[in-house]
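To keep things clear, I will list the structure first and then write my remarks on it.
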Amino acid sequence: MPPAEAEFPQPPWYQASMWTGADFWGLVRILNSNRWHVSPSYWPGCCVDLAFAMANSSLGAVQSLFYRSRLKHLEIQQDPVFVIGHWRTGTTLLHELLALDPRHTCPTTYQCFVPRHFLLTERLLKPWTGFALPTNRPPDQMRTAWDAPQEDEFALCNLGVPSLYATIAFPNGQPAFMEHLTLESVSAWQREQWKQTWMTFLKCLYYRKPGRMILKSPTHTFRLPVLLEMFPNACFINLVRHPTTVFLSTVRLWKSLFTTHGYQTPRFAGLNEFVFATFVQMHERLEATRSLVPSGRLIDVHYEELVDDMVGTMQSIYEKLQLGDFDRVGPLIQEYVSAHRDYQPNRHQATSEVESEVYARWKPYFEKYGYSSTLLPSSSP
Numbered sequence: 000m001p002p003a004e005a006e007f008p009q010p011p012w013y014q015a016s017m018w019t020g021a022d023f024w025g026l027v028r029i030l031n032s033n034r035w036h037v038s039p040s041y042w043p044g045c046c047v048d049l050a051f052a053m054a055n056s057s058l059g060a061v062q063s064l065f066y067r068s069r070l071k072h073l074e075i076q077q078d079p080v081f082v083i084g085h086w087r088t089g090t091t092l093l094h095e096l097l098a099l100d101p102r103h104t105c106p107t108t109y110q111c112f113v114p115r116h117f118l119l120t121e122r123l124l125k126p127w128t129g130f131a132l133p134t135n136r137p138p139d140q141m142r143t144a145w146d147a148p149q150e151d152e153f154a155l156c157n158l159g160v161p162s163l164y165a166t167i168a169f170p171n172g173q174p175a176f177m178e179h180l181t182l183e184s185v186s187a188w189q190r191e192q193w194k195q196t197w198m199t200f201l202k203c204l205y206y207r208k209p210g211r212m213i214l215k216s217p218t219h220t221f222r223l224p225v226l227l228e229m230f231p232n233a234c235f236i237n238l239v240r241h242p243t244t245v246f247l248s249t250v251r252l253w254k255s256l257f258t259t260h261g262y263q264t265p266r267f268a269g270l271n272e273f274v275f276a277t278f279v280q281m282h283e284r285l286e287a288t289r290s291l292v293p294s295g296r297l298i299d300v301h302y303e304e305l306v307d308d309m310v311g312t313m314q315s316i317y318e319k320l321q322l323g324d325f326d327r328v329g330p331l332i333q334e335y336v337s338a339h340r341d342y343q344p345n346r347h348q349a350t351s352e353v354e355s356e357v358y359a360r361w362k363p364y365f366e367k368y369g370y371s372s373t374l375l376p377s378s379s380p
């Protein structure tokens with residue numbers, strides 16, 4: 000494939016990337032593991048990120064000094080609701096809808112991008128740094144803002160925890176830390192470090208705003224045993240969507256992330272195979288572990304039904320998972336629907352060859368969730 004496409008131009012060096020909030024030694028480990036093979040045009044941004052990373056680690060030490068004793072005995076009162084499912088199945092939309100409920104608390108973009116010190120700096124720095132964010136997300140033109148709900152996997156990555164998202168920094172290498180998706184083949188020490196780092200981050204979120212946490216990361220779909228070990232009463236919402244749309248949209252997502260947050264001019268070699276293989280691994284892992292979830296605590300939601308009737312689908316989710324009085328949040332969801340009525344999603348066109356290969360590779364998913372082998376003409380973000 001050719002280098003980065005014009006639709007995802009390299010951002011200016013002063014625009015914040017996902018690495019601007021990284022822990023210094025975590026970022027250095029990623030650079031070391033890739034032998035610092037940074038493309039020339041990406042060096043200015045890399046140097047800026049390293050400078051910020053040193054500040055992040057210093058501020059993180061100060062935050063730890065101030066808040067360690069307060070967090071040590073803090074208990075999260077309600078187990079979270081996890082939004083799981085493959086990338087581009089509508090998890091972001093559902094996350095935003097659940098975040099409308101004032102009884103819920105969600106990690107925000109600021110908190111996930113500077114996880115080391117947001118308790119210390121959020122109120123001071125957030126109002127003055129919004130200019131560094133792009134107005135919209137490149138893959139789908141949805142809004143970006145420091146207060147928008149965000150994936151906690153970005154926080155784990157920026158805290159220096161081994162994460163698949165380290166692949167974004169060096170897209171021309173091999174996918175990074177695949178063994179940390181399930182956490183089954185890592186050492187007991189690595190597994191415990193992962194759990195402790197994540198729990199500390201979650202306690203910081205809960206300290207900032209108590210409430211039932213809504214956590215969304217596609218990577219959590221691989222980790223049901225670990226999540227249940229830590230939160231035995233957690234609930235799970237698995238988003239599903241027409242696989243052909245998911246494939247096309249996921250390829251587009253990774254291309255945008257590689258170009259706008261990477262340190263190399265991406266070649267996209269092997270990207271299609273990466274998407275095919277990761278999807279299969281995720282689906283098989285979910286099917287192998289979903290029986291561990293107590294009855295009534297894991298539901299499947301079709302993206303197509305959600306966008307067709309957001310209020311009705313959300314009410315059904317609240318009832319099935321017993322999330323509380325829906326009347327308190329129903330009007331807020333209706334306002335969200337009205338405010339986004341003019342949103343124009345991307346349109347994907349699948350060739351017959353793509354449709355055939357997606358069906359051949361992902362047939363069990365088609366059959367389980369009742370999807371046709373062909374993609375009917377439609378729009379999709």
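So in numbering that gives the first Met the number 0, spot 187 of the sequence shown is number 186, and the numbers just go up one at a time. Glycine included, C-beta positions come from ideal geometry on N, C-alpha and C. On a predicted model such as this, the values are computed, not experimentally measured, just so you know.
- Positions of the alpha helix (DSSP H) runs, each at least 4 residues long and wholly inside the region 80-130, are given as 90-98, 108-112 and 117-128 in order along the chain.
- Counting along the chain, residue 226 sits inside the alpha helix (DSSP H) bounded by residues 223-229.
- With a contact defined as Cβ atoms closer than 8 Å, residue 111 and residue 151 qualify at about 6 Å.
- Only residues of its own chain outside the window of five on either side were considered, and among them 10, 44, 48, 259 and 260 have a CB closer than 8 Å to the CB of residue 16, listed in chain order.
- Under the three-state reduction of DSSP, residue 208 is assigned to coil, being neither helix nor strand.
- When Cβ pairs closer than 8 Å are counted between the two stretches, the region 87-100 is seen not to touch the region 32-43, the count staying below three.
- If you check the CB distance, residue 220 and residue 89 do not come in under 9 Å.
- Taking a cut-off of 8 Å on C-beta distances, the region 143-157 touches the region 209-225, as three or more cross pairs fall below it.
- Counting other Cβ atoms within 10 Å of its Cβ, residue 193 reaches 16 or more and is therefore classed as buried.
- Shown here, residue 320 sits in a helix according to DSSP, grouped into three states.
- Using a Cβ-Cβ distance cut-off of 8 Å, the region 195-211 and the region 235-243 are not in contact, since fewer than three pairs of beta carbons, one from each stretch, lie closer than that value.
- Out of 365, 57 and 179, the CA that lies nearest to the CA of residue 246 is found in 365.
- Of the residues assessed, residue 362 falls on the exposed side of the cut-off, its CB having fewer than 16 other CB atoms within 10 angstroms.
- Rounded to the nearest angstrom, the Cβ distance from residue 115 to residue 59 is 3 Å, consistent with a contact under 8 Å.
- Residue range 270-288 is occupied by the alpha helix (DSSP H) that includes residue 271.
- When the five nearest sequence neighbours on each side are left out, the beta carbons in the same chain lying within less than 6 Å of the beta carbon of residue 225 are those of 182, in order along the chain.
- Annotation for residue 235: the continuous beta strand (DSSP E) segment containing it runs 234-239.
- Boundaries cannot be given for residue 308, as no alpha helix (DSSP H) includes it and DSSP labels it neither H nor E.
- Membership of residue 179 in any alpha helix (DSSP H) is not indicated, and neither H nor E is assigned to it by DSSP.
- For residue 245, the enclosing alpha helix (DSSP H) begins and ends at 242-260.
- In this structure, the alpha-carbon of residue 244 lies about 9 Å from that of residue 348.
- DSSP places residue 75 in the coil class of the three-state scheme, outside both helix and strand.
- In the three-state DSSP reduction, residue 328 falls in the coil class, being neither helix nor strand.
- At the C-beta level, residue 280 and residue 180 come within 9 Å of one another.
- For the set 360, 117 and 159, the Cα lying nearest the Cα of residue 146 is the one of 117.
- Here the alpha carbon of residue 38 sits roughly 21 Å from the alpha carbon of residue 157.
- Your pair residue 18 and residue 175 does not check out as a contact, with CB atoms roughly 14 Å apart and the cut at 8 Å.
- Under the DSSP assignment, residue 300 falls in the beta strand (DSSP E) whose first and last residues are 297-301.
- A straight line joining the alpha-carbon of residue 187 with that of residue 75 spans about 24 Å.
- As a beta-bridge residue in DSSP terms, residue 213 pairs with 80.
- The Cβ atoms of residue 73 and residue 206 sit closer than 9 Å to each other.
- Linking residue 335 to residue 34 through their CA atoms gives a straight-line distance of about 46 Å.
- The closest CA to that of residue 53, considering only 288, 25 and 80, is found on 25.
- With fewer than 16 other Cβ atoms inside 10 Å of its own Cβ, residue 8 counts as exposed.
- Secondary structure note for residue 18: it is in no alpha helix (DSSP H), with a DSSP letter that is neither H nor E.
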